[in-house]
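Quick note on numbering: numbering that gives the first Met the number 0 labels position 137 of the sequence shown as 136, and the sequence is numbered without any gaps.
Note that beta-carbon positions come from the ideal geometry of N, C-alpha and C, so glycine has one too.
Here the structure is a predicted model, which means the values were calculated and not measured.
Notes for the one structure printed next.
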Amino acid sequence: MDIQRGTMQIISMVKLEGYDKAKNKGLEGTAWDAKNERLYAAKERKPIMIKEVEMSKNGITRALPSAITASVSDVSGLEYHAPTDSLLVLSDESKMILEVSSEWRVRDRLFLTAEWSGLRDDIPQPEGIAMDNENNLYIVSEPNLFYKFSCDIQND
C-alpha cells in the first residue's frame, strides 16, 4: 500500500446520522471487519453510539443497541477481532473493554484496573486498542504508556 499524496482515491463515502454537532464528543473510534466488509464507527458519548456500516451493501447501517453500552461512560476505541467475530469496545472513563458478539450481546468484560489481568495499577486514560494475529491485546494510554496483554482464545 502506498499512501503518499495523490495515490489514494475515495471510492465510497457514507454519512452517518446522529453524529452532527458533536463538539469533541463525535467519532472516536473505527474498526474494520475485512471478511464481511463492515466498518464500525463509535460516537464517544452523550449519547454513546456505535454503528455498523456494510460497505458491500452501499453503506447500509445498523446501530448497536444502547443497552450494550449502558455499562460504560464513553467509548475511546474499537477493534474487530476476526477469530471470535467480536467487536472490542474500549472505555477510557469506565476503564473497561467490552467484548460484543456478532449477535450484539456482551460476551465478556476486561477491567483495566489494579488487580485485574496482572495490573498493579489502573491503566490511566486508555485511548487506543489493537490486537495482533497471535491474540495479543495492545492498549495505549494518554500519559505515553503502552500495554501488551497475552490472551487465550475460547470460542463459544
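Query, Result
"Best match in Ser65, Tyr79, Val74 and Ser72 for proximity to Val136 [C-alpha to C-alpha]", "One point to set straight first is that residue 136 is Leu, not Val, in the sequence displayed. Among Ser65, Tyr79, Val74 and Ser72, the Cα nearest to that of Leu136 is on Tyr79."
"For Val139, the residue or residues it bridges with in DSSP", "Gly127 and Phe145"
"Spatial distance of Ile47 from Leu86 (CA atoms)", "15 Å"
"Glu98, enclosing beta strand (DSSP E) - first and last residue", "Met95 to Val99"
"Test item: CB-CB of Lys50 and Leu63 under 9 Å", "yes"
"Assigned exposure category for Lys94 - 16 Cβ within 10 Å defines buried", "buried"
"Residue burial classification, Pro82 (beta-carbon count within 10 angstroms, cutoff 16)", "exposed"
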